[in-house]
Structures are given as C-alpha cells and as structure tokens.
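Residue numbers (my numbering), protein chains in the order written: chain A, 52 to 916; chain B, 182 to 519. Note that the Cβ used here is the ideal one computed from N, Cα and C, for glycine as well. Report on the structure given below.
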Amino acid sequence: MRKFMQFAALAGIALLLCPAGLFAQEQSTEHGSIDFGVRYDWGEVDGRPDLLSGQCLGCGSPFQPSLNSSKYGEYRDMRNGFYVRRFDVKFENVLDSKNYVSLQSQKTLYRDQSYLGTFGQYGKFKIQFRYDETPHIYSNTTRTLFTETAPGVWSFPALLRQTLQATTAANLPSVINTQLVPQFNFLTPSIIRKAGTVLAAYNPTADWDLNFLFRRESEKGTRPIGLVMNSSPSTTTSSGYGVELPEPVNYFINTVRFGAEYGRRSWALQAGYMGSFFQNNIGALTWDNPFRLTLESAGNPLTGRMDLYPDNHAHYLLFAGGTDLGKYLHLTGSLSPGWLRQNDAFLPYSTNTALLTCGDGTQACTSLAALPVASLGGSKQTLAMNYTLTTTPWKNLQAKAAYRHYDYNNNTPVFSFTPAEGDASAPALGTAVENTPFGYNRKNLELSGNWFFTKRSSFKIGYEAEWMDRAHRDVTHSLENTIVTALDLSPNKDLLVRISYRHADRKPDAYLDDVSEEISGNIPVDSPYGRRFDEAARLRNSADGLVQYSPFDKLTLSAFGGTLQDDYNRAGGTNNATALNFLTGAAATTSPYYLYGLLKDISYNYGFNADYAVSTEVTLFAEYSRENYHKRMITRYRAPEQGATGTANGCGPNSALLPDRGACDTPNNDWESTSRERVDIWSAGADTYVGKKAYITAYYSLSAARGIVFSSYLGDPINHPNQPLANDPNRFMLVGTNSATPYPETVNRNHEVVVIFKYKLTKNLLPKLEYRYQRWDYKDYQTSPMTQYMGCVSPIPNGPPVTNSVAGCTTPLLTSNTPSPVGVASPFYPGYVVGDTSSARFLFLGVDQPSYHAHYLTATLEYHF
Amino acid sequence: MKPATPLQLIALPLILGCAAVLAFAGAGAGQPANKEAGPAPAQEKAKAAAPAGADGDYVGSDTCITCHEDQQRRFKNTIMGKVMANSRTPLEARGCEACHGPGKAHVEAGGGKETIPVRFGRDSKNSVAEQNDACLSCHARGNRLFWKGSPHDSRGMACVDCHQVKQELHVALSSDGRYNAPLSENRGVKKSQPELCLQCHQMRRAQLQRSSHMPYREGKVTCTSCHNPHGSPNPKQLLQSTTNENCLSCHTERRGPFLWEHPPVMENCANCHEPHGTSNPQLLKVRMPRVCDSCHVATRHPTQAQPLGSIKNFNRGCTNCHSAIHGSNHPSGDKFLR
C-alpha cells in the first residue's frame with residue numbers, strides 16, 4: 052500500500068514537473084514550485100534509563116520508547132523516506148479567462164499533511180478547499196492490560212481481577228509488580244485531527260461581499276484520563292480504586308458560516324451566521340474495576356462509568372457596521388447574539404448495583420428513574436455588543452471612546468441530584484445537590500487619546516473601566532479602573548522606542564463565598580478568608596518597552612523588556628483588615644498577608660536581538676531572552692473535628708468537648724508556596740552566500756527552562772509541635788505527609804543545531820541539504836517517575852528517609868547484583884524512595900515524555916516551473 | 182479487493198485534481214501570451230473611468246510606466262495588480278495613482294521622490310495616517326472594519342510595516358526559519374507568520390519555544406488563528422467575542438452547557454492556561470496541584486501541601502481523579518469525578 056501511495060505521489064509530482072509551458076498561458080511567468088526528496092532521522096529516547104534497563108518499579112519488562120512517538124514527533128509525522136515538503140502551483144488566466152487556479156500542499160501524504168486549493172477571479176469570486184491533518188501524540192511510555200471490547204468499554208482480564216480481589220492488602224504491591232505489570236501491553240495514546248474546509252466568496256460588485264464556509268473536522272484516537280472509584284481521591288490499601296485509561300476520542304465538529312457585507316467608501320454593513328455542532332460518537336467510558344470481580348458492595352464497585360463530553364451546538368448571529376459621521380468622526384459597532392444548547396440524555400447515577408439510595412431514597416442508583424429529569428436541557432444565551440467612536444479633531448490627534456457589553460446568560464434549569472461519588476459512595480439523603488448555572492455580564496468602557504507629535508512618534512493616554520457582574524460566584528459585582536499610557540518615539544528613521552504602562556485597580560463590592568458559611572466538622576467548609584484570584588481585589592501594574600535601532604544599514608539592534616505584576620495581598624476592602632499571620636513581628640517568617648489564595652503573580656522578561664551584515668555574503672544574527680515567573684500563594688491546612696470514634700488529632704476539644712478531637716483551623720497551620728520559573732533562550736547563527744549560487748544558513752538555539760515549587764510552613768512548630776502539646780487548638784499539623792516541603796527542580800532544555808545548504812543549479816533547480824540536531828532534556832518530578840504502578844515509591848518525607856520496607860515492594864536493581872536499599876532515594880525518581888502504598892490500588896498508564904536526541908537529514912530538490 | 186484507506190481517498194483525488202488543474206490550464210498552452218503582456222487594459226480603463234474633474238492632476242498609469250517599468254512588471258503579478266487589471270471602481274482604475282496620488286506634479290518635476298504625493302515605507306515624508314488612508318480607501322472593510330482605533334492603529338503602525346505590495350505572487354518555498362506556517366493565500370506580507378508578528382511581540386517568541394505548546398512551530402496554528410491584527414471589537418484583538426469562545430471554537434467538546442460547571446473554566450480559559458506556551462503540562466500557568474490550591478482553601482486534601490509521591494501531585498495531579506474539571510454532565514459529577 053505504501054509503495055502504491057509513493058508511486059501515486061511520484062506520478063502526481065511528475066505531472067507537476069511536466070514542462071510548464073505545455074500548460075501555461077504565460078511562457079515567461081513562474082507557475083509554481085515543488086520541494087521534494089528524501090528524509091531520514093535517527094536518534095534515541097534516553098531520558099528513562101530505568102525503562103531501558105528494567106530497573107524501575109512498576110514498569111514491567113525493559114523497553115526503549117520510540118523516537119517518533121516521543122516529544123520529537125508530538126505534532127508531526129516523522130517517518131523516513133520519500134518526502135514532499137511543499138508544492139505550490141498556480142495558473143493565471145486559465146482558458147484565456149480572468150480566472151486563476153492554485154494548489155498548495157505541505158508534508159504531502161503524511162499524517163500532518165495540508166492542502167489548499169483555490170479557484171477564483173481576483174476581486175470577483177473564490178472557491179477554496181482546505182484540508183489539514185494534525186496528529187498529537189501524548190506519550191511513548193504507556194502500557195495497560197485493559198482492552199477496548201466495544202467503543203468506550205475497557206475490560207480487564209477476569210482472571211487477574213479475581214487474583215487481585217483475593218490478594219491481601221499487604222501482598223498487593225508484590226502481586227501487581229510481579230504478575231500484572233510484566234503482562235501490560237504497549238499503547239500509544241494519540242489523536243489525529245482531520246479537517247476539511249470549503250470556502251466560497253463572491254463579489255457581485257465591488258460593494259458587495261458574500262461568503263460561505265463549511266468545515267468538518269474529525270478528531271479520533273485516545274488520550275490519557277484518570278478515574279477514581281472512591282468518594283474522595285484516595286486509593287490506599289483500605290479504600291478506593293483508581294485506573295488510568297485511554298479516553299476514547301471520536302468527535303465530529305461541523306461549522307457552518309455565511310455572511311454578507313455591503314459597503315461604500317465611508318460606510319459598511321456586515322451580517323452573518325455561524326453554527327458550530329459538536330458530536331461525540333462515544334458518549335460514555337465504562338471500565339472494569341481491576342481489583343474486584345465479584346461481591347459488589349457500596350465501597351467496592353465492579354465497574355465505573357464516566358460521562359464523556361456531551362453533544363452540543365452553538366449558533367451565533369453577527370451584525371457589524373462602520374460609518375464616517377462627518378469629516379472627523381468614525382463609528383463602528385457590532386452586535387452578536389449567541390445560543391448554546393446541550394441536551395444529551397443523562398447516565399444513571401452509578402453502575403454500582405449495591406447503591407440503592409439515590410433519588411428519593413428508594414431507587415437504585417443504576418436506575419434512570421432515580422434522576423429528577425432525563426436530560427439537562429442546557430441553555431445559554433450570549434450577547435456581545437461593541438461600539439467604538441474614533442475622531443481626529445486635529446490632524447495629529449486621535450481620540451477613541453469604546454463601549455463593550457458581553458452577556459453570558461445561563462438559562463439552564465436547576466435540579467436536585469443525589470450524586471453517588473465515584474461509583475463507590477451511597478448518597479447521603481437530605482443533602483441533595485443542586486446545579487448552579489453560572490453566568491456573568493461584563494461591561495467595558497475605554498476612553499483614550501493619541502497625539503502623533505512627529506512622524507512615527509505618538510503619545511497615548513487612556514482610561515478603561517470594567518464592570519463585572521456574576522451569578523453563582525463569590526463576587527457579584529466588581530469594578531476595575533485602569534489607566535494606560537504609551538509613548539512611541541522615532542527621532543529618526545534609524546531609531547524606534549516604544550514604551551507602555553498600565554495600572555489597574557480591581558475592587559469587588561463584596562466577597563462572599565457561600566460555602567464558607569456552611570459548617571462541617573465545626574469549621575466552615577471554605578475558609579472565610581479564601582479569595583479566588585480571578586475575581587478578588589487586585590492591583591495590576593504592567594509595563595513594556597521595545598527599542599529598535601539601526602545605526603547603519605548593516606546593523607540592526609533591538610531590545611525589549613516587560614513586566615506584569617499582580618498584587619492581591621491588600622489590607623482591608625474585601626480582604627481582612629488585619630494580618631492573618633500566626634507569628635507576627637520579628638518572629639514572622641513572612642510578610643503580613645490578608646487573604647488565603649494567590650498573593651502575588653509577578654513576571655518580567657527582557658532580551659535583545661542583533662543582525663549584522665558583515666559583508667554582502669555573510670549576515671550574523673543573535674538573540675537572547677529571559678523570562679522570570681513568580682507566583683506566591685498562602686493557604687492553610689484545615690481539618691474538621693473528629694467524632695468519638697474518629698482518630699485523635701490533638702487539636703483541642705471537639706464540639707462535644709471530647710479532647711484531642713477538635714477541628715484544626717488556625718493560622719499556625721498556614722503554609723506558603725511559591726512557584727518560580729526561569730526561561731532563557733539563546734540563539735545565534737549566520738546566513739552565508741558563497742558566490743552567487745551557494746547558500747548556507749546555520750544556527751544554534753537553546754531554550755532552557757527551570758522551575759521550582761517551593762513550600763514552607765508559616766506557623767510555629769517549636770511551641771506547638773506534633774507532641775507533646777496535645778489538646779491544643781493551635782497544634783502544629785504540618786508534619787509527615789502534611790509537610791510543606793519544596794518539590795525538586797524541573798528542567799526543560801531544548802538544543803537545536805541546524806545547517807542548511809542550498810545550491811542554485813539552474814534558474815529553476817535548487818538542491819537543498821538540511822541537517823538538524825535536536826537534544827531535548829526533560830526532568831519533571833510529576834512525570835519522570837511515572838510507571839504503571841506507583842504503589843511502591845514514595846517521596847522522601849520531611850525527615851530521615853524511611854527505613855522500613857513496605858510489604859510486597861521489591862527494590863530496584865541498580866546493577867544486576869545490587870538491589871538498592873529500601874528507603875534510599877532512587878537514582879531514577881528524583882525525590883522518591885522505595886516503600887509507599889498511598890496509591891496501592893491505582894493502575895496507571897505510565898505517561899511520560901522522556902528526553903531524546905535526534906538527527907534529521909533531508910536531501911530535497913526545489914524545482915520552480 | 183481491499184477497501185480504500187483514508188490516505189488513498191485523499192491522495193487519489195489530489196492527484197487527479199492536480200492533473201485536472203494542469204489539463205485545465207493547459208487548454209491554452211502554446212497560445213500567445215495573454216493580454217497582460219500587451220498594453221494593460223487597466224490603464225486604458227483607468228483613463229476612461231477616471232473622473233473627468235480629476236484628470237487635471239492624474240496622469241494615468243501609462244505615463245508612470247514610462248519611467249517605472251520595473252515596478253509595473255512586479256506589481257502586475259500581485260493580487261492587487263490582478264484586481265486593478267480588471268478594475269471595478271474608478272479608484273481602482275487609476276492604477277498607480279490610486280495609491281500614490283495624482284502624479285502630475287511628479288511628472289512635471291521630472292521625477293523625484295519628494296514630488297510623489299503618497300509614498301510608503303520608513304523614508305516616506307507622509308505620515309502613517311496618510312499612508313494608511315491610501316490603503317484604507319479600498320481595504321476598510323472585511324476584517325479591517327475595526328481598524329480605526331485598534332491597538333495597532335493607535336500605536337501608529339503602518340500597513341506597510343507588515344505588508345508589501347510590489348511582491349510577486351510566487352515566493353520561494355524554502356522555509357529555513359524555526360517555524361512552519363500554515364498554508365495561506367496571503368502572500369503580501371513581508372514575512373510569514375509567526376515571524377512577522379514576533380518582530381515586535383518578542384516575548385511571544387520565547388513562549389513559542391516552550392515544551393508545552395500548541396502546534397505553532399509545526400505550522401498548524403498561527404497568530405491569526407486566534408487574533409485579527411487589523412483590529413476586532415473583541416478583547417486582545419481576538420476573532421471571537423471572548424477568550425473562551427476563541428478556545429472553544431476548536432475545543433468544542435468543552436463548550437457545554439454542562440450540568441456541573443466549574444465557573445472559572447466557563448469564564449476564562451486563561452485563568453489556568455497560557456495558550457502561547459508554558460513549561461508546565463497542559464499549558465498550565467502553574468503546575469498542579471498549585472493551580473488548584475490557589476483558589477481552593479477548603480478542608481482536608483485541597484489544603485494539604487501534598488507530598489511529592491501523592492496521587493494528588495504526580496502524573497496529572499488533581500485531575501488524576503477530578504478528570505472532568507472542564508465540566509461534567511454526569512448526575513454524579515458534582516465533584517468532577519465523573
């Protein structure tokens with residue numbers, strides 16, 4: 052088949068390569084070009100030596116992840132062999148008419164191919180066809196024992212389910228590691244998007260424009276999804292199960308758009324419609340509980356079921372127009388109402404036959420009759436309105452007034468449900484949950500003026516306001532005032548300076564989290580001082596600058612810089628008026644804070660570019676940039692009180708005055724976390740002409756990112772330690788697995804070396820040799836340790852490494868003869884040691900994208916005809 | 182016989198299409214060069230169509246060509262050149278003077294840049310507004326309807342900062358840059374995207390290099406997939422009314438309405454994601470669980486620091502379990518577990 056396709060491609064190309072004169076109208080005009088040849092890549096994935104040597108825990112037999120399904124080929128089809136990089140053909144005045152026809156393609160015949168074909172007459176009509184394929188590979192280290200027995204139904208071998216059900220908690224890790232994981236089968240979660248678009252445009256006169264577009268896109272494949280069978284996210288040896296599965300993706304997305312525009316020199320009107328229709332061909336994901344085959348009970352479901360995205364459709368109308376109002380005023384406006392609908396049939400609450408208390412308490416959760424309604428009838432209406440008035444009262448002055456209104460009105464009806472969490476928890480009757488259709492309305496006003504004081508130089512000052520009204524959120528109304536200013540300066544044609552500054556102050560009228568008024572376990576469910584950053588009070592300052600300078604024709608220099616600084620930590624207003632710190636004064640380990648949540652979000656960047664033409668043959672270029680990100684948040688470990696049968700926690704008396712069973716909710720258990728990231732990018736290269744025919748370009752680039760999540764406690768562990776101060780409401784709880792400790796550094800480096808050689812053989816023939824080397828280094832504590840079973844690795848706790856061996860966990864063999872001691876940090880998993888069962892009953896896919904290095908060589912011929 | 186594969190279904194019509202295109206075009210092969218090779222009808226029309234009252238200052242393109250033959254040779258192969266060759270309006274019929282203004286003074290002065298009423302580029306004596314007005318006299322509609330007062334307009338950007346007119350239609354195929362660009366008919370720009378935009382938006386260049394990115398570098402998505410640089414009535418010059426409508430035009434499955442909605446998701450995808458690229462998985466601004474911790478100061482596990490090896494931290498963090506975080510339509514999905 053592949054040979055046939057290559058032959059077909061060659062035949063097509065041969066047609067294109069036929070002397071253009073046979074087909075063309077204009078003998079002397081170029082009609083297009085084609086760039087084709089062969090390509091070859093080689094290299095290896097080397098970021099997970101533990102997989103290669105089989106020394107990791109829970110990863111089965113040794114294997115080498117494939118290069119082409121690695122990050123290297125994330126959005127590409129990198130197969131070796133015949134290759135059409137691109138072709139482009141265009142004929143004007145076909146059949147002696149005024150019409151033209153063109154066809155372009157990229158990556159022809161590969162799974163990332165694109166085509167664009169057009170037939171039309173300039174200024175009159177156009178019919179265009181576009182086709183695109185875009186692959187997306189998620190991982191090349193994934194394996195599973197699940198098999199898809201029907202669309203959306205994943206089954207696990209019954210014999211193994213039986214084995215796991217019969218295995219004691221202590222032996223689970225051993226059985227999984229030795230009997231299950233070695234049998235896991237490879238699977239590459241990936242999707243491919245295929246989209247075809249037909250566009251037709253017609254201009255019956257110069258004043259009219261009619262257009263129509265239809266696009267159909269399919270998206271198929273699988274992507275990883277995590278699923279838990281428990282009421283809370285936990286899968287220990289005693290409760291809960293979890294699986295990671297390939298989520299089946301089988302979508303169709305149809306888009307229809309048509310519109311018309313009529314306009315004259317000083318005004319124009321547009322009207323149009325857009326409809327978007329999403330169709331999911333697999334509506335639910337059902338899977339076997341690998342740890343249970345029989346004896347279903349409330350906490351031990353035999354299967355789980357997930358609702359995949361429901362079909363939906365959206366319709367928008369668009370009306371827009373612009374007109375001059377006299378000599379100095381120009382008005383533009385747009386009005387776009389939209390309707391969003393979704394009415395997929397609901398699934399039952401659960402597949403668990405042991406859950407019998409859904410609905411009114413007498414109906415099984417597996418019964419559709421238990422539901423208050425068969426489907427949601429989801430309905431939203433949006434309305435976007437924009438009006439902009441610009442004026443140039445004087446030649447060098449421009450003023451603008453703009454008003455924008457966006458309404459996101461959620462008309463979805465409200466119902467009461469009795470959810471069965473995770474297919475493993477009987478609903479508590481009397482605590483039915485209602486859906487809360489969220490909606491909002493945003494209004495924006497902008498007033499600005501520009502003074503163009505000399506050529507290419509201007510000064511801008513403006514004021515903006517944003518009014519936000521929300522339903523079913525913490526802030527029902529807020530106002531943000533913004534002042535903007537910008538200066539563009541070009542004292543001569545060689546120098547351009549652009550700077551801008553923006554200062555914004557967002558103030559909610561009030562902040563009320565309804566959940567913070569609900570009491571559970573003798574404390575509010577949500578902290579009354581918690582503030583969600585997207586609606587909380589915020590002071591924002593941002594500034595940008597750019598300088599471009601060409602002192603002489605051969606040299607161009609540019610430099611840029613910018614910063615964005617969001618400050619949420621403001622005393623008073625909707626935040627607390629006094630500091631919430633437990634420790635104050637000299638003892639405080641951090642500056643005062645007046646809320647919980649995000650306090651600061653700061654980023655800044657700078658860089659430069661340079662281009663220097665050493666001679667007419669050689670041009671050098673270099674770039675450097677740095678970005679820094681800094682986000683700081685503060686939160687509090689909050690634990691509700693324990694009942695008489697609960698575990699003693701040492702947090703004072705509970706509401707029934709039982710000692711050591713009180714709620715823990717004091718600032719002594721506040722902790723902070725700062726996410727920092729630094730990204731440096733270097734690149735340098737040269738473009739060189741050798742004589743008039745040969746051309747060489749070469750460059751090296753490096754993108755290097757390092758990130759760290761730093762966490763620490765803010766209370767007093769000395770005077771209120773774990774022990775001996777029991778029965779103390781301020782008891783310090785951030786110890787052991789509750790410790791706020793830093794995570795290991797993440798590293799992400801991408802080196803690339805590129806050399807391209809081109810030689811102009813004739814006027815029409817340009818052979819090209821291209822070599823690329825990529826080296827990608829990736830270390831991420833969240834994914835680099837991932838294997839199919841994580842029940843035997845654990846973090847290094849905030850203290851001495853654990854020394855006890857967890858039953859059933861074997862130790863990795865660093866060499867063929869030397870097992871690593873249990874409790875010692877693994878060389879493969881940064882920050883991890885052997886011996887933990889916190890995810891004892893969770894089977895993963897082992898999703899990772901390890902480091903790689905790759906060489907890529909192409910030899911192509913660019914032929915112009 | 183085996184059924185045709187999708188590849189065949191695509192390739193065969195493509196090849197047949199190519200052949201048809203070539204055959205179609207070839208019907209006129211061997212004929213004399215078309216009318217454009219002779220006296221341009223546009224200019225003839227221009228003379229005929231020019232308003233009589235304005236003729237005094239307009240000299241017609243034929244006069245221009247006597248000195249500027251090279252420019253005319255390049256211009257006639259551009260899209261504008263093609264349109265003007267079949268002019269639909271009196272303005273188009275003016276040819277060179279439609280953009281450069283009346284040429285009488287220039288002719289009478291025997292040439293010279295300073296006598297051209299409207300010139301384009303950095304060394305032009307004309308203001309940016311004057312240059313842009315020349316372009317907007319024809320191009321004020323379509324996706325330029327909202328140009329006036331747009332961010333690029335108010336920063337004094339000239340159309341010719343990005344566009345070039347006298348560029349032949351067929352450009353070299355070689356893409357030696359670091360980014361591929363989607364196929365486009367728009368050949369009148371000085372560089373292909375995203376390089377064109379990155380000249381000024383240099384911070385975005387750095388972001389596009391990140392490990393977690395949409396397929397910009399691979400040429401499947403580019404700046405104008407989401408933004409309209411000519412101005413739009415929407416924030417950030419987006420094509421759609423809001424950030425979410427923009428994102429959801431491709432990620433339609435997340436559009437809802439859902440039974441259980443996560444308000445920050447429905448309000449703004451950019452609350453959690455940075456679409457231009459990040460170093461965190463899933464284009465997240467901050468990795469999990471911190472992206473969730475920033476808002477959820479509830480009880481129990483959302484407020485625990487989460488040790489490194491916690492299931493709430495590694496792999497996909499919170500979404501190992503709360504995998505329907507973008508919204509759920511499952512009756513038991515109130516906590517986004519289903």
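Quick check on Lys329(B) - is its C-beta less than 9 Å from some C-beta in chain A? Using a CB distance cut-off of 9 Å, Lys329(B) counts as an interface residue toward chain A.
Distance, Cα to Cα, Phe895(A) vs Met841(A)? In a straight line, the C-alpha of Phe895(A) is about 8 Å away from that of Met841(A).
Rounded distance between the beta-carbons of Thr417(A) and Leu399(A), thought under 8 Å: Reading off the sequence, residue 399(A) comes out as Pro, not Leu. Contact between Pro399(A) and Thr417(A) holds, with the beta-carbon distance rounding to 5 Å and staying under 8 Å.
Roughly how many whole angstroms lie between the Cα atoms of Leu419(A) and Ala425(A)? Going by the C-alpha atoms only, they are around 7 Å apart.
Judging by CA-CA distance, which residue of Ile260(B), Val264(B) and His454(B) is the nearest neighbour of Gly367(B)? In the sequence as presented, Gly is not what sits at residue 367(B); that position holds Asn. Here the closest residue by C-alpha is Ile260(B).
Spatial neighbours of Ile304(A) within its chain, please: C-beta separation below 6 Å, excluding the five flanking residues on both sides. Correct list, in chain order: Glu268 and Phe329.
What does Ile242(A) pair with, by DSSP beta-bridge criteria? BP columns for Ile242(A) point to His187(A) and Gly272(A).
Residue span of the beta strand (DSSP E) that contains Val805(A), given as start and end: It spans Thr797 to Tyr810 - the beta strand (DSSP E) in which Val805(A) sits, taken as one unbroken run.
Given Arg137(A) as reference, the closest of Asn427(B), Ile506(B), Gly330(B) and Ala362(B) once Cα atoms are compared: That would be Ala362(B), whose Cα lies nearest to the Cα of Arg137(A).
Under the DSSP definition of a beta bridge, which residues are partnered with Ser457(A)? It should be noted that the sequence gives Tyr, not Ser, for residue 457(A). Note: Tyr457(A) sits in a beta bridge opposite Ala435(A) and Arg493(A).
The segment 484-503 of chain B: positions lying closer than 9 Å to chain A by Cβ: So the close ones are Thr484, Gln485, Ala486, Gln487, Pro488, Leu489, Gly490, Ser491, Ile492, Lys493, Asn494, Phe495, Asn496, Arg497, Gly498, Cys499, Thr500, Asn501, Cys502 and His503.
Looking at chain A, is there any beta carbon in it that lies within less than 9 Å of the beta carbon of Val309(B)? Yes, Val309(B) counts as interfacial toward chain A.
Coarse secondary structure for Met357(A), derived from DSSP in three states: Strand.
Could you give the DSSP three-state label for Lys122(A): helix, strand or coil? Reduced to three states, the DSSP call for Lys122(A) is helix.
Extent of the continuous alpha helix (DSSP H) to which Phe256(B) belongs: Looking at the DSSP string, the run of the alpha helix (DSSP H) that includes Phe256(B) is Glu250 to Phe256.
What is the DSSP secondary structure of Asn510(B), counted as helix, strand or coil? Coil.
Name, please, each residue of chain A whose Cβ falls closer than 9 Å to the Cβ of His482(B). The answer, in chain order, is Ser283, Pro284 and Ser285.
By the three-class DSSP mapping on this structure, what secondary structure does Cys715(A) have? The DSSP-derived three-state label of Cys715(A) is strand.
Buried versus exposed call for Arg255(B) [16 or more other C-beta atoms within 10 Å across all chains shown]: The residue is exposed, with fewer than 16 neighbouring Cβ atoms inside 10 Å.
Is it right to say Gly412(A) is buried, meaning 16 or more other beta carbons lie within 10 angstroms of its own, or is it exposed? It counts as exposed.
Tell me whether Gln213(A) sits in a helix, a strand or coil according to DSSP, three-state version. It is helical.
Between His511(B) and chain A, is there a C-beta pair that is closer than 9 Å? With a threshold of 9 Å between beta carbons, His511(B) makes contact with chain A.
For Ala450(A) versus Leu498(A), is the C-beta distance shorter than 9 Å? Using a Cβ distance threshold of 9 Å, Ala450(A) and Leu498(A) count as a contacting pair.
Please list the partners that Lys149(A) has in chain B, where partner means a Cβ-to-Cβ separation under 7 Å. What Lys149(A) touches in chain B: Asn267.
Classification of Lys216(B) by the beta-carbon crowding that lies within 10 angstroms, buried from 16 upward: Legend: pLDDT at Lys216(B) = 34, less than 50; position of this residue unreliable, no value from coordinates given.
Other residues of its chain near Pro194(B): CB distance less than 6 Å, five sequence neighbours each side excluded: For Pro194(B), the pLDDT reaches just 42, beneath the cut-off of 50, and the residue's location in the model is therefore unreliable, leaving the point undetermined.
Taking His281(B) as part of the alpha helix (DSSP H), name the residues at either end of that continuous run. Counting along the chain, the unbroken alpha helix (DSSP H) around His281(B) starts and ends at Cys277 to His281.
Got a sec, what are the start and stop residues for the beta strand (DSSP E) Ala315(B) sits in? First-last for Ala315(B): Val309 to His320, but that is the alpha helix (DSSP H), not the beta strand (DSSP E).
Taking 9 Å as the CB-CB cut-off, is Asp101(A) touching chain B? By the rule that beta-carbons nearer than 9 Å mark a contact, Asp101(A) does not touch chain B.
How close, in whole Å, do the beta carbons of Glu678(A) and Asn656(A) come, if the pair is a contact with beta carbons under 8 Å? The pair is a contact, with the Cβ atoms about 4 Å apart (cut-off 8 Å).
Measure the alpha-carbon distance for Phe495(B) versus Gln833(A) and round it to whole angstroms. Looking at the two C-alpha atoms, the distance is approximately 4 Å.
With a threshold of 9 Å between beta carbons, is Leu364(B) in contact with chain A? It does; some Cβ of chain A falls within 9 Å.
Does the beta carbon of Ala905(A) come closer than 9 Å to any beta carbon on chain B? Against chain B, the CB of Ala905(A) has no partner CB under 9 Å away; the residue lies outside that interface.
When you compare only the Cα positions, how much space is there between Arg385(B) and His457(B)? A straight line joining the alpha-carbon of Arg385(B) with that of His457(B) spans about 7 Å.
Report the CB separation of Thr748(A) from Gly736(A) in whole angstroms; it is logged as a contact under 8 Å. The Cβ separation is near 7 Å, so the contact holds.
Between the C-alpha atoms of Thr625(A) and Ala483(A), what's the straight-line distance to the nearest angstrom? The alpha-carbon separation between Thr625(A) and Ala483(A) amounts to approximately 31 Å.
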